Amino acid sequence: MARPLRILHLYPDLLNLYADRGNILVLRRRCEWRGIPVEVQPVPRGERPDLAHAHLVLLGGGSDREQMLVAETLRGMREDLRAAVEAGLPLLAVCGGYQLLGHFYELADGRRVEGLGLLDLETTAGRTRLIGNIAIESPAFGTIVGFENHAGRTRHRHEPLGRVLAGHGNNGEDGWEGVRYRNVIGTYIHGPLLPKNPALADHLIRTALEYAGEPADLAPLPDDLEQAAQQAVLERRLPAARTR
Amino acid sequence: MLGIWLGKLALWLLRLLGRGATSFPGRLALRVSPGLLGRLGGQLRRCVVVTGTNGKTTTASLLAAALNAEGPWLHNTEGANMAQGLTTALLAHTSWTGRLRVRQAVLEVDEATLPGVIDKLPVRVLVLTNVFRDQLDRYGELDTTMQKILDAVRRSKATLVVNGDDPLARHIALEGGRPVSYYGLNPAQAAQPHRDQTRDGAFCLRCGARLAYDGFFYGGLGLYDCPSCDFCRPHPDFLGSYEDGLLRVVHGNRPPQVFRLPVRGLYNAYNALAAIAAARVVGLDSDTIRAGLARFRPPLGRMQPYATSPETVLNLVKNPTGCDSVLQAITSEHGAKVVCIAINDLAADGRDVSWLWDADFETLVEAGDVRLCVTSGLRAEDMAVRMKYAGMAPDAIVCIPDLEGALRFSLAAARDAGDLPVYALTTYTALYPAAAILRRLEAEARPAGATGGRAVQERGTA
Ligand SMILES: [Zn+2]
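These protein sequence lines are chains A and B, in that order. Numbering-wise (our numbering), the first sequence opens with residue 781 and increments by one. Numbering-wise (our numbering), the second sequence opens with residue 80 and increments by one.
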């Protein structure tokens, strides 16, 4: 391909709580190993992302204060974001970024922060934080493992990313984790998300290539280490997930 | 009184079993007498507390060494820095009738524990080393940690000794309403960053603007300045310059004092500077401090050499910034080497290993002289994946979850490659097991039948 695949990393200077740097690194390397030119553009705080030239957008999580600054900036371009999402722009939102996609999210003190309203989703504050290793089964991507740490309880009216095998998921009650809508994926799973879940990483690259109008046949990569890491979490930390 | 007896009994039993004093006696005593920490703490004449994300163990140990040159100060052992551990430290110097025999204490205190103990101890001097990201799953988020330290500072009657190069620590000092002495490094030693490292203090906590940096020391520590309000780095009351193991300290208009440091690396120079500044604030003169530092023995896992065959250097890693300073210390020792990294995810390590991706393991690859990377521990596989994406050649990554197996393999490979040094990095719960294994391997490395065979055996079973 002539043009590089362009990944926008939104506000890494604010939203860096859960090592989203790892997600970026995995996407970048898996493109490089296949000879796909890739360009990662960090969007600094206060700046609006140039969606017209993006093929994949990453939105991570931060502390409440930082999250509110991000919400403020992005609310100003809500219509552009909605149009891009409806047109199939791939977007990965993790933790706080996931909550931001909905109508609102609630802080620990009960205040409600208005979200972007891209999805029919809302997040209320729970009294306890849901913390720990998590495994889910996704119809499209198989088993996904990682770590979750959130006080928010999220509910939505879309397709979930997967069914919780062990851990809490969206709200610790209904047994679902994450969301899928068009090419948007939202999830509480970090750890980071992509290194131990290469199928999901490749799905993001594939949809980004399709969105860019490029051939999207991905050559397989040797993923022995990645698979071993996923298996190790299941065996040592989430034995319950394997019997479900 | 029952709490004291139970606690002391537990201490005595642990000693009988050859174990060090941990948090356990204090936990037991506090369960029976919840007010015990306050009762014992109230008997202290003066108390110095060291808190912060990184460097508090080394800083508190250096400070204890300096203060002990003047008279006896009691001190808590590494890692026992929550209420139970503090109680254990006091119990060790308490008579069976409940009287504290040593009336001055230098204590390392966990940031989240600080608000709960600040009213129970007569804290005269409070040292704040820095505020970095640490163990998110324990504290929730960074802002909570800031708030906890600030609450404690406001309720204290302490003089603060604060790292002025850290914008978050500076913010706490400004908002805390207590008298402050700042320490900081010489601006001439600041470097331009070579990579977008994680920077928790990159924003002004007063107005929210992005802080401008003229240079960095390490992590978010550096020469910062807010472009849109008057928040800025203070001129340090204690200004340090570090070179070749010597720290030169200028305090106000007084003549400069030079200290030989018993610890390696720039981040340890920071810790030494904090300890020297605090000892000066307590009232010690430079000669006494120098004499105390000369008697210092470095704590476990700070670039600690073992006479295995070939040599192993053991390091504790626990969060991105601390890990980066260890990686910097390792890559600054040039020459081919083998690296063995053991990552556990137990409660004391932090159950979330996301931080591995914020630490700059790329520097090991860029250094170009790491021949082999062996990964180990309960998260050996995660660490192997991390090194793969850092750019390490897959055939130079070996994953051996069993710690002893990993260390033995590393040493064998290092020996075959021409006696390369092995650098071992471990998280907290793997540190003591690694040290025990390395002591055994030290014993094995001595030629059989050499003199002192009995000593070999003793070391081997230590
Ligand atoms: Zn400002």
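Note that beta-carbon positions come from the ideal geometry of N, C-alpha and C, so glycine has one too. If you're wondering where the values come from, they're calculated on a predicted model, not measured in any experiment.
The beta strand (DSSP E) enclosing residue i, as first and last residue numbers
i        : result
A/Leu914 : Looking at the sequence shown, residue 914 of chain A is not Leu but Ile. Where A/Ile914 is concerned, the enclosing beta strand (DSSP E) stretches over Leu901 to Ser918.
B/Tyr321 : Phe317 to Glu322
A/Tyr885 : Phe884 to Glu886
Exposure label - residue i; buried when at least 16 CB within 10 Å
i         : result
B/Cys286  : exposed
B/Trp91   : exposed
B/Lys236  : exposed
B/Leu425  : exposed
B/Val206  : buried
A/Gln821  : exposed
B/Glu187  : buried
A/Ala832  : exposed
B/Cys563  : Chain B is shown only over 80 to 541; residue 563 of chain B falls outside these bounds and no answer can be derived.
A/His930  : buried
A/Cys811  : buried
B/Val337  : exposed
A/Pro1002 : exposed
B/Asp474  : exposed
A/Gln847  : buried
B/Asn332  : exposed
B/Gln271  : exposed
B/Ser140  : buried
A/Ala1020 : exposed
B/Ser365  : buried
Nonlocal neighbours in the same chain, by C-beta distance under 8 Å from residue i, ignoring five residues either side
i         : result
A/Asn796  : Gly840 and Gly842
A/His938  : Leu899, Asp900, Leu901, Val959, Arg960 and Tyr961
A/Asp954  : Arg935
A/Asp844  : Leu887 and Ala888
B/Leu179  : Leu119, Gln122, Leu123, Leu169, His172 and Thr173
A/Gln1010 : Thr923, Val925, Lys976 and Asn977
Cβ pair residue i, residue j closer than 8 Å
i        : j        : result
B/Arg465 : B/Leu510 : no
B/Leu517 : B/Leu325 : no
A/Glu894 : A/Arg855 : yes
A/Leu785 : A/Val837 : no
A/Gly952 : A/Ile916 : no
B/Pro315 : B/Tyr261 : yes
B/Ile197 : B/Ala231 : yes
A/Trp956 : A/Val944 : yes
B/Ala463 : B/Thr454 : yes
B/Gly86  : B/Leu170 : yes
B/Asn155 : B/Ala168 : yes
B/Arg376 : B/Ile422 : no
A/Asp883 : A/Gly897 : For clarity, residue 883 of chain A is His in the given sequence; the question names Asp instead. Yes. Within cutoff.
Other residues of its chain near residue i: CB distance less than 6 Å, five sequence neighbours each side excluded
i        : result
A/Glu886 : Arg892, Thr904 and Ala905
B/Val241 : Leu207, Ala248, Ala252, Val259 and Tyr261
B/Thr367 : Ala148 and Glu149
B/Pro266 : Leu302
B/Thr508 : Asn423, Leu425, Ala427 and Asp428
B/Leu93  : none
B/Asp213 : Any reading at B/Asp213 needs caution, since the residue's pLDDT is 48, under 50, leaving its predicted position unreliable; the model's value is listed next. So the qualifying residues of the chain are Thr132 and Asn398.
A/Asp800 : Gly840
CB-CB length for residue i against residue j, believed under 8 Å
i        : j        : result
A/Gly966 : A/Ile914 : With 8 Å as the limit, A/Gly966 and A/Ile914 do not qualify as a contact, their Cβ atoms being about 15 Å apart.
B/Ala159 : B/Ser102 : 5 Å
B/Asp304 : B/Leu290 : 7 Å
A/Pro829 : A/Leu984 : That pair is no contact at about 17 Å.
B/Gln163 : B/Gly105 : 4 Å
B/Thr238 : B/Val360 : 6 Å
B/Leu123 : B/Leu229 : Contact flag wrong, Cβ pair sits at about 24 Å.
Residue range of the alpha helix (DSSP H) that includes residue i
i        : result
B/Ile409 : Pro399 to Thr410
A/Asn803 : Asp800 to Glu812
A/Glu827 : Careful: A/Glu827 lies outside any alpha helix (DSSP H) and carries neither H nor E.
B/Pro384 : Run containing B/Pro384: none in the alpha helix (DSSP H); it sits in the beta strand (DSSP E), Gln383 to Tyr385.
B/Asn160 : Looking at the DSSP string, B/Asn160 is not in any alpha helix (DSSP H), and its letter there is neither H nor E.
B/Asn347 : Leu345 to Val361
B/Ala493 : Leu482 to Asp495
A/Thr934 : Looking at the DSSP string, A/Thr934 is not in any alpha helix (DSSP H); the run it does join, the beta strand (DSSP E), is Gly922 to His936.
B/Phe103 : Phe103 to Val111
Contacts around residue i, its chain only, beta-carbon distance under 7 Å, and the 5 residues preceding and following it disregarded
i        : result
B/Glu521 : Tyr385, Ala386, Thr387 and Arg538
B/Pro526 : none
B/Ala143 : Trp152, His154 and Val185
B/Leu107 : Leu85, Gly86 and Ala89
A/Thr987 : Pro870 and Asn963
B/Val449 : Lys416, Val418 and Leu443
Residue i CB to nearest heavy atom of ligand 3 below 7 Å
i        : result
B/Phe310 : Ligand 3 is not part of the structure shown, which contains ligand 1 as its ligands.
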